[in-house]
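Enquirer: Input: one structure, supplied below.
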Amino acid sequence: MTTAPNTYTDLRPSGPAPTDAGYDVRRVRRDFPILAQKIHGKPLVYLDNAATTQKPQQVLDAIARYYSEDNANVHRGVHLLSERATEAYERARTIAQNFLNAARPEEIIFVRGTTEAINLVAQTYGRRNLAAGDEIIITAMEHHSNIVPWQMLCEEKGARLRVVPINDRGELQLEEYEKLLGPKTKLVAMGHVSNALGTINPVRRIIELAHQQGVPVLVDGAQAAPRMKVDVRELDADFYAFSGHKIYGPTGIGVLYGKASLLEAMPPYQGGGDMISSVTFEKTLYNKLPHKFEAGTPHMEGAIGLGAALDYVNRLGMENITAHEQDVLAYATEKVAALPGVRLIGTARQKTGVLSFVLEPIHPHDIGTILDQEGIAIRTGHHCAQPVMLRFGVPATARASFGLYNTREDVDALVRGLNRVREVFA
Ligand code: 7TS
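Here the sequence shown is numbered in this note's numbering, starting from 110 and rising by one per residue.
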């Protein structure tokens, strides 16, 4: 472990940001110890960032420091350790608030991840506000976690799921969305960025159109938050969800942003400690926001690690990260598309992060296995977006997804690996 400052506040940027001299990806890579290793004797080329990202030393240190210096349960003890743990946990909430530009810290609910955030809204807001005959609008490019919770709710309530179709590039058909929006619509739920296609959806316009009909919108930001500036107030999003592990933070932690007015009116998700203000056997009064939605001892280590990850991203500068990843994606798109037999799946004009493709007639799993032998980690399969595979008539794709530490050299290695795959199957 590297030498670390003593307190959480010391994690804030000190000295000039690395971006002063441009985005130095080589220096950035040194922050990620895992990247330095060899896989099957070859340097690791990690291109599975849409599944999960690697963690910088700053995050590892923040977690180790929390356990070695400050660990105690939050919101309970009068003792100093508990005060310090509470302060660190709540500071992480403020960091997340600022990251999303939320109006108030109480609008940030710590959850396990995007999946839990969506289930929370389905089970609380959805159960309270939907009735038989009502409709929820999603899109044809959603991750299963933004499909199944709504299906479960629809089944329970006798409501109906409506799906906005996508074109052959993998872009939303906005005119179809406008046709689906109507008096029966009670909620719109859609991804900001598709994990299978990389499409960036025009969420601001989508929200504007929904709001004209008085319909709230949940945005699944799992793939957007790590790659682009998100401003929930500028978007006017009603709910926004993302996962810590996809933004260089720990697993098991994520954020649900909700407008305070909506969160206040929602019933709790789970019952237990911390979410109450008083309990008798006759009646329990619920705690105020955000604690109403955080039953039980929270994932303190996770929140603190996520705070350190967001600090890290802020320090590099989201504009720099976006520009860097766009460069790597554009380079990869050009090089991979030029390989004989490659068909790109997802060619939206607004894209980020993800390059999905098939290399006919080779099965994506075989591509993944051979690339692994070359030290290259990609994901193959349906990416928890089976309807997208169906739409493009493929059982699976190979997917390279990029993070802030990937380089054009990583792409060159991928292209060499794919040439090797073609030789093996020639
Ligand atoms: N929404 C999107 C758009 C995602 O990409 C994912 C995970 C989730 C929701 C669920 O996030 P979780 O953190 O709650 O699991 N996507 C992927 C992927 O593309 N490969 O592995 C997980």
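For every residue, glycine included, the Cβ atom is placed at its ideal position computed from N, Cα and C.
Check this for me: beta carbons of threonine 489 and isoleucine 479, under 8 angstroms apart or not?
Expert: The count along the sequence shown starts at 1 and reaches residue 489 at position 380. The count along the sequence shown starts at 1 and reaches residue 479 at position 370. Their beta carbons are not under 8 angstroms apart, which means threonine 489 does not touch isoleucine 479 by this criterion.
Enquirer: Residues in the same chain with beta-carbon distance under 8 angstroms from glycine 484, minus the five sequence neighbours each way, listed in chain order, please.
Expert: On the sequence shown, residue 484 is found 375 positions in, with the first residue counted as 1. Contacts found: Lys147, Ile148, His149, Gly150, Lys151, Pro152, Leu153, Val154 and Ala522.
Enquirer: Just verifying my parser: in three-state terms, what is the DSSP assignment at phenylalanine 390?
Expert: The residue you call residue 390 lines up with position 281 of the sequence shown. Coil, per DSSP.
Enquirer: Could you have a look at aspartate 329 and say whether DSSP puts it in helix, strand or coil?
Expert: Here residue 329 refers to the residue found at position 220 of the sequence shown. Here aspartate 329 sits in strand by DSSP.
Enquirer: How far does the alpha helix (DSSP H) with leucine 190 in it reach, from first residue to last?
Expert: By 1-based counting over the sequence shown, the position of residue 190 is 81. Its alpha helix (DSSP H) spans residues 189-209.
Enquirer: With a threshold of 8 angstroms between beta carbons, is glycine 150 in contact with chain C?
Expert: The question asks about chain C, but that chain is absent: this structure has only one protein chain.
Enquirer: Excluding the five sequence neighbours on either side, which residues of its own chain have a C-beta within less than 8 angstroms of the C-beta of arginine 517, listed in chain order?
Expert: Within the sequence shown, numbered from 1, the residue matching residue 517 stands at position 408. For arginine 517, where only same-chain residues beyond five positions count, the Cβ hits under 8 angstroms are Asp436, Val437 and Tyr440.
Enquirer: Does ligand 1 have even one heavy atom less than 7 angstroms from the beta-carbon of threonine 162?
Expert: Within the sequence shown, numbered from 1, the residue matching residue 162 stands at position 53. No, the Cβ of threonine 162 stays beyond 7 angstroms of every heavy atom of ligand 1.
Enquirer: Name the DSSP beta bridge partners of threonine 248, please?
Expert: As a working note, residue 248 is residue 139 in the sequence shown. In DSSP, threonine 248 forms a bridge with Val273.
Enquirer: Please state whether the Cβ-Cβ distance between glycine 307 and alanine 494 is less than 8 angstroms.
Expert: Counting from 1 along the sequence shown, the entry for residue 307 is found at position 198. Counting from 1 along the sequence shown, the entry for residue 494 is found at position 385. No.
Enquirer: Looking only at C-alpha atoms, which of Ala241, Ala171 and Phe534 sits nearest to glycine 450?
Expert: If you number the sequence shown from 1, residue 450 lands on position 341. The shortest C-alpha separation from glycine 450 is found at Phe534.
Enquirer: When you compare each of Ala298, Met250, Val257 and Arg174 to isoleucine 275 by their alpha carbons, which one comes out closest?
Expert: Here residue 275 is taken as the residue at index 166 of the sequence shown, counted from 1. If we check each option's Cα against that of isoleucine 275, Met250 comes out closest.
Enquirer: Relative to the C-alpha of methionine 567, which candidate in Leu229, Asn207 and Leu156 has its C-alpha closest?
Expert: Given that the chain is displayed from residue 110 to residue 535, the structure contains no residue 567 and the question cannot be resolved.
Enquirer: Can you have a look at asparagine 84 and say buried or exposed, based on whether 16 or more other CB atoms are within 10 angstroms of its CB?
Expert: An answer regarding residue 84 cannot be provided, because it is not within the stretch 110 to 535 covered by the chain.
Enquirer: Helix, strand or coil for lysine 266, going by three-state DSSP, please let me know.
Expert: For this step, residue 266 is matched to residue 157 along the sequence shown. Three-state result, lysine 266: helix.
Enquirer: Any idea which residues DSSP pairs valine 487 with across the strands?
Expert: Stepping through the sequence shown from its first residue, residue 487 is reached at position 378. Strictly speaking, residue 487 in this sequence is isoleucine, with valine absent from that position. In DSSP, isoleucine 487 forms no bridge with anything.
Enquirer: Does the separation of the CB atoms of isoleucine 356 and alanine 333 fall below 8 angstroms?
Expert: Here residue 356 refers to the residue found at position 247 when the sequence shown is read from its first residue. Here residue 333 refers to the residue found at position 224 when the sequence shown is read from its first residue. Result no, Cβ atoms of isoleucine 356 and alanine 333 do not sit closer than 8 angstroms.
Enquirer: Report the rounded CA-to-CA distance for glutamate 403 versus glutamate 469, giving the unit in angstroms.
Expert: Your numbering for residue 403 matches position 294 in the sequence shown. Your numbering for residue 469 matches position 360 in the sequence shown. Answer to the nearest angstrom: the Cα atoms are 48 angstroms apart.
Enquirer: Given this structure, state the Cα-to-Cα distance separating glutamine 163 from glycine 358, to the nearest angstrom.
Expert: Residue mapping note: residue 163 aligns to position 54 of the sequence shown, counting from 1. Residue mapping note: residue 358 aligns to position 249 of the sequence shown, counting from 1. If I take the Cα positions, the gap works out to 8 angstroms.
Enquirer: Would you say the beta carbon of glycine 279 is closer than 7 angstroms to some non-hydrogen atom of ligand 1?
Expert: If you number the sequence shown from 1, residue 279 lands on position 170. Checking the Cβ of glycine 279 against ligand 1 gives no.
Enquirer: Does any heavy atom of ligand 1 sit closer than 7 angstroms to the C-beta of lysine 355?
Expert: What you label residue 355 is simply residue 246 of the sequence shown in a count that begins at 1. Yes, the beta carbon of lysine 355 sits closer than 7 angstroms to at least one heavy atom of ligand 1.
Enquirer: Which runs of the beta strand (DSSP E), 3 residues or longer, sit entirely within the segment 313-382?
Expert: For the segment 313-382, whole beta strand (DSSP E) runs of length 3 or above, ordered along the chain, are 326-329, 348-352 and 363-367.
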